[in-house]
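Report on one structure; see the data block that follows.
Residue numbers (the working numbering): 18 to 376.
Here's what the structure looks like:
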């Protein structure tokens, strides 16, 4: 593979990893939006705010958006589609929280004024530090506006310092969350780049033995693509007496910790492959990580005959062909299966006769 082709392949793998991370982020956000729907329904039964019809209409709109977002995610959207989905969802959530705030304008101490913080958190998770600052500013303005309106309905004038403090506080919270998310993403991108560029097999499986992640080197080493291996049991491809007969032994993982093993695996083409594996359990996260190197060539060499010894070098002062000389040593130490080397004529006794005088 040329340098240009290799760089293009690494770029393609990096873009694919970024897209997978963005998809996982959207899925996580929509899981929490589903939880927010049920929590809002329970809260609406307990406290309907100013108008109960307004609460349930807003929750109905949230339910429709949750179902629509899940349907869109199930269609495996591309990079452009996933960005549009995130922007539309963010705009819809801003509208929903504005409706919730507009339906609770009687009590200045109403905890509903904390809802804009969820917007700042959502923007930070979705777009990092810049997103946290932008959505934090919007959420701070919403919270400050709600506070001014509610206090004005009570004939209370809020000082300007109180209003600006709300805006600045929410912006700082959004920026802090976004900076943390951006740092985590940088570390993850670096790990993905190293993992995707590695020629070694890098795989993780959970404590049930199910493969969760694997790098592209699996296709070169085992013949299987990433999609074919993810979700399978890690024992399906192991051969021999070391084949696991169940999920990983937690007690053994705690006692032994990191391990270095060599196992025989089945290649997709049918032949066997020996892998030297470094196992690193992470019981707190519930995963076991493995880095494997193909040592099939070394195994075959160890199983075969040892290579012949290299002959010693002859002493420089000895004549070629003499006993112990260079040619004699090579002839004496030549393996039996090699053909005999041609020797010079004078060694075979066919020395030239001296010329008569005068010729």
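We treat Cβ as the ideally placed atom computed from N, Cα and C, and that holds for glycine.
- In terms of Cα proximity to residue 213, the closest of 237, 197, 226 is 237.
- Per DSSP, the continuous beta strand (DSSP E) segment holding residue 279 begins and ends at 276 to 283.
- With respect to residue 43, residue 102 sits close: the two C-beta atoms are nearer than 8 Å.
- Under the 8 Å Cβ criterion, the segment 194 to 209 does not count as touching the segment 274 to 289, having fewer than three qualifying pairs.
- Shown here for residue 113: same chain residues with a beta carbon closer than 7 Å to its own, the five before and five after excluded, namely 75, 78, 79 in chain order.
- Of 221, 216, 99, 247, the smallest CA-CA separation from residue 234 is found for 216.
- The segment 184 to 191 makes no contact with the segment 224 to 233; the number of CB pairs closer than 8 Å stays below 3.
- Under the criterion of beta carbons closer than 8 Å, residue 132 and residue 117 qualify as touching, at roughly 6 Å.
- By the Cβ-count criterion, residue 155 is buried, with 16 or more other Cβ atoms from all chains shown falling within 10 Å of its own Cβ.
- Taking each of 205, 29, 150 in turn and checking the Cα distance to residue 193, the smallest one comes out for 150.
- If you ignore the 5 residues before and after residue 185, its C-beta comes within less than 8 Å of the C-beta of 157, all in its own chain and listed in chain order.
- With a cutoff of 8 Å on beta-carbon distance, residue 292 and residue 311 are scored as near each other.
- The segment 157 to 167 makes contact with the segment 127 to 142; the number of CB pairs closer than 8 Å reaches 3 or more.
- For residue 221, no alpha helix (DSSP H) segment is defined; the enclosing uninterrupted segment is the beta strand (DSSP E) at 218 to 223.
- Rounded to the nearest whole angstrom, the C-alpha separation of residue 100 and residue 272 is 46 Å.
- Here the C-alpha atom of residue 283 lies approximately 14 Å from the C-alpha atom of residue 245.
- Burial is judged here by how many other beta carbons sit within 10 angstroms of a residue's own beta carbon; residue 144 has at least 16 and is buried.
- Taking residue 260 as the centre and dropping the five residues before and after it, the same chain places the C-beta of 252 closer than 7 Å to its C-beta, in chain order.
- In the displayed model, residue 294 falls within a strand according to three-state DSSP.
- The three-state secondary structure of residue 181, taken from DSSP, is helix.
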